[in-house]
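Only one structure is covered here, and it is reproduced in the block below.
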Amino acid sequence: MSKINTILRNLEKKGIQFSYYETAEDAKQAILKEIQPDNVVGIGGSMTINSLKLYEELKRAGNTVYWHWKVDASEANEVRRKASTADVYLTSTNALTEEGELINIDGVGNRVAAMFYGPKKVIVVCGINKISTDLISAIDRIKARSCPPNAKRLGLKTPCAETDICNDCLSKDRMCNVTTIINHKPMTVDLKVIIIGEELGY
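Position 73 (the sequence shown) corresponds to 73 in the UniProt record's numbering; numbering is contiguous.
Here is the structure:
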């Protein structure tokens, strides 16, 4: 817990709200309590959010939810745009440093953009497997442990999908197109980070 406490202290210094939960179920219930029945919810591409089954719970509660994973490919871009201006945006982070920095790499860019501009409130969920010592180790972690399995899952024709090793490729399917670092709370977004004491996502 000493590492977690360090991260929480650093998030507080940066003006970012935070919570820590031992289990995914506890975190899920806390997230649902923060979302009102009339809130429009957007979701970024995230295996962590998917594993928490938040989409299903919110739909049952009557919320309008925009998630491009749940629509036909022809509708995906429009749904991405609607998600980016939602009342609440749910996503995960590719890495969280001990300094409290959120490091993310994206293919389209909708997920990372919505983390700091557009929605009124952003809730970023992070399993303990995403915690990295510093910026360099965070990017190394993403390239080694996030991008290859995601490329495989999406059926992308990239070298990492075949070799499990990032080649900094020039493939048309390349997913390492946009890299962002959130150092402090964005000015216009109510940002909260939820750390879970379990391994979740890539």
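Glycine residues also receive a C-beta, built at the ideal position from the N, C-alpha and C atoms.
Does any residue of chain C bring its CB to less than 7 Å from the CB of residue 97? The structure shown contains no chain C; it holds only a single protein chain.
In the DSSP assignment, find the beta strand (DSSP E) that holds residue 17 and state where it starts and stops. Where residue 17 is concerned, the enclosing beta strand (DSSP E) stretches over 17-21.
Kindly identify the DSSP beta-bridge partner or partners of residue 121. Secondary-structure assignment with DSSP links residue 121 through a beta bridge to 88 and 190.
Roughly how many angstroms lie between the CA atoms of residue 188 and residue 88, to the nearest whole one? Those two C-alpha atoms are separated by around 13 Å.
As assigned by DSSP and simplified to three states, the class of residue 71: DSSP places residue 71 in coil when its eight states are reduced to three.
Candidates 129, 10, 86 and 143, of which the one nearest residue 123 by Cα: Checking every option, the nearest Cα to that of residue 123 belongs to 86.
Which runs of the alpha helix (DSSP H), 4 residues or longer, sit entirely within the segment 125-193? Within the segment 125-193, the complete alpha helix (DSSP H) segments of 4 residues or longer fall at 135-141, 147-154 and 159-163, listed in chain order.
Stretch-stretch touch, CB-based, cutoff 8 Å, three pairs: the segment 132-143 with the segment 151-158: The segment 132-143, when compared against the segment 151-158, does not touch it at the 8 Å Cβ threshold.
Residue 26 lies in the alpha helix (DSSP H); which residues open and close that run? Counting along the chain, the alpha helix (DSSP H) containing residue 26 begins and ends at 24-34.
Counting along the chain, where does the beta strand (DSSP E) carrying residue 108 start and finish? No beta strand (DSSP E) holds residue 108; DSSP gives it neither H nor E.
How do the segment 25-35 and the segment 3-13 stand: do at least 3 beta-carbon pairs fall below 8 Å, yes or no? Taking 8 Å as the limit for Cβ pairs, the verdict is that the segment 3-13 does not touch the segment 25-35.
Are there three or more Cβ pairs, one per stretch, closer than 8 Å when the segment 109-128 is compared with the segment 139-150? No, because fewer than three Cβ pairs between the segment 109-128 and the segment 139-150 fall closer than 8 Å, the two stretches do not touch.
Cβ distance (whole Å) where residue 97 is taken to contact residue 104 below 8 Å: That pair is no contact at about 12 Å.
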